[in-house]
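What follows is a short report on a single structure.
Numbering (my numbering), first residue to last: -10 to 176.
Next up, the structure:
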């Protein structure tokens, strides 16, 4: 491996370590109480290093959120909604449950619970693949006139909030109840 490539890998590793340390501090304290010195101490770097990489606390916070959102696996949803409404809803429910079990999801949820500063638009983007898939599935139901609204309603039942204002634990019973309610309403 070339020297520049090794240097890039070390820099990426150091950045990741700083983001993890910042995640821990933002989770333990919240955005307002956290400070760059505490984050630098947790990361084992100087405050100057932290500022050189991220500029300020707000930019570091956004970088933490972006990092964890990017760490979430892409949902494994087929391009076409097939198999009937129940099968499509169950597929989304399984994916939501699997995503909720990911370390990145845990990190995001803990940070959001401690500090209500998650950029709403960025947070909602994590649900767009589910929204789009559900809209396709619901478009095949004659009983559904507003596919977008119905898809959003299913997600709200399933996860509690798509804008991180009312976070709830995703669970199998919760998801099963959401599927059953929607099948009764739209199938």
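Ideal Cβ placement from N, Cα and C applies to all residues, glycine included. Source: prediction; values computed, not measured.
| Query | Result |
| --- | --- |
| Alpha carbon of residue 145 to alpha carbon of residue 46, nearest angstrom | 31 Å |
| Segment contact, 8 Å Cβ cut-off, at least three pairs: the segment 124 to 137 with the segment 47 to 58 | no |
| The ligand GTP heavy atom lying under 6 Å from the CB of residue 133 | This structure simply doesn't include the ligand GTP, nor any ligand for that matter. |
| Where residue 135 sits in the DSSP three-state scheme | coil |
| Residue 73: first and last residue of the uninterrupted alpha helix (DSSP H) it sits in | 73 to 89 |
| Sequence-distant residues of its chain with Cβ nearer than 7 Å to residue 4 (five each side left out) | 42 |
| Cβ neighbours of residue 57 in the same chain (closer than 6 Å, five flanking residues each side left out) | 93, 96 and 97 |
| Residue 89 beta carbon less than 7 Å from that of residue 159 | yes |
| When 85, 112 and 9 are compared against residue 33, the one with the closest alpha-carbon | 9 |
| Close beta carbons around residue 142, own chain, < 7 Å, minus the five adjacent residues each side | none |
| Given residue 174 as reference, the closest of 114, 109, 11 and 78 once Cα atoms are compared | 78 |
| Environment of residue 13 [buried if 16+ CB atoms lie within 10 Å] | buried |
| Residue 107: first and last residue of the uninterrupted alpha helix (DSSP H) it sits in | Per DSSP, residue 107 belongs to no alpha helix (DSSP H) and is neither H nor E. |
| Residue 114 versus residue 61 - alpha carbon distance | 12 Å |
| Reduced DSSP category for residue 115 - H, G, I as helix; E, B as strand; rest coil | coil |
| Same chain, Cβ closer than 7 Å to residue 36, five either side skipped, listed in chain order | 25, 26 and 29 |
| Outcome for residue 74 when other beta-carbon atoms lying within 10 angstroms are tallied against a minimum of 16 | buried |
| Test item: CB-CB of residue 85 and residue 147 under 7 Å | yes |
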